[in-house]
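Residue numbers (the working numbering): 143 to 413.
Here it is as structure tokens:
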């Protein structure tokens, strides 16, 4: 099973350092969320695109995915239309970079008093608009368990409604857990369309959660990995250490190899 890391872990690193550290630490791939510290734009000029492709080829480190910020769970048609346009741009970028998927969010909708079914319909309709182009280019669009779509059943329902081979699920392991889901429940909801996994651990602190290293929090990371292995998951396991959003957590230079070693130990004892 391939192991990657999201470069949310290292906003201070150049993209050259991102690939060099992947080689140094022994990662198979990187998930591109940032470019030189800032969220990657879908409108990269050709020189930057060639720079990324050269880095991947020269290092032997795969770009496993691109993280977009698009979201669609809103009653405002104009916002949905703009996000569809942006997601299409990311799909085109992924195709040019030979990256297999683009991650998208569903978004937040409970504060706007939308019902689950209406939010699912908005997201499904939006993803259905990009699905034909994604299919044609061989790029998957993966809906993440995140925000108000942290409940895995909502992600399942969206993917089912779209009914496209290009639309799948991304399991961010923290969010369904903090919603009270068991590993079995989440896996059963996502299994048929699961393409990618974000692994992280966290513990409750007051009314919120604090990111911590594997084995130091409450998220059953080992059980999740065991479940994936037992059911033949052959996608990427991506360590998502979100230092870009939480600058107080441990630096990537030490956190990434620590997480990788723990994850490799999990896998060695399961295989």
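Virtual Cβ for every residue (Gly too), placed ideally from N, Cα, C. Please read all numbers here as calculations on a predicted model, not as lab measurements.
- Around the C-beta of residue 411, fewer than 16 other C-beta atoms lie within 10 Å, and the residue is accordingly described as exposed.
- Following the DSSP letters along the chain, one finds residue 358 in no beta strand (DSSP E), marked with neither H nor E.
- Scanning its chain for C-beta atoms nearer than 6 Å, with the 5 sequence neighbours on each side dropped, one finds around residue 215 the residues 248, 249, 251, 261, 264 and 265, in chain order.
- Nearest to residue 210 by C-alpha distance, out of 291, 354, 305 and 286, is 286.
- Residue 378 places its beta carbon less than 8 Å from that of residue 206.
- If you look at residue 396, you'll find it in the alpha helix (DSSP H) that goes 394-410.
- In terms of Cβ geometry, residue 177 and residue 217 do not form a close pair [threshold 8 Å].
- Here DSSP, grouped into helix, strand and coil, assigns residue 343 to strand.
- By the Cβ-count criterion, residue 200 is exposed, with fewer than 16 other Cβ atoms from all chains shown falling within 10 Å of its own Cβ.
- The beta carbons of residue 233 and residue 279 sit about 6 Å from each other, so the pair counts as a contact at 8 Å.
- In the structure shown, the three-state DSSP call for residue 384 is coil.
- DSSP places residue 314 within a strand segment (E or B) once states are collapsed to three.
- Annotated as proximal: residue 281 and residue 236, with beta-carbon spacing under 8 Å.
- Following the DSSP letters along the chain, one finds residue 350 in no alpha helix (DSSP H) but inside the beta strand (DSSP E) bounded by residues 350-354.
- Counting other Cβ atoms within 10 Å of its Cβ, residue 389 stays below 16 and is therefore classed as exposed.
- Under the three-state reduction of DSSP, residue 207 is assigned to strand.
- In the three-state reduction of the DSSP assignment, residue 246 falls in the strand class.
- With a beta-carbon spacing of about 5 Å, residue 284 and residue 310 fall inside the 8 Å limit used to define contacts.
- Looking only at 291, 145 and 163, the smallest Cα-Cα distance to residue 394 is reached by 163.
- By the 16-neighbour rule on beta-carbons within 10 angstroms, residue 212 is buried.
- Apart from sequence neighbours up to five positions away, the residues of its chain that approach residue 304 with a beta-carbon distance below 8 Å are 266, 269, 270 and 273, ordered along the chain.
- If you draw a straight line from the Cα of residue 357 to the Cα of residue 328, it comes to about 20 Å.
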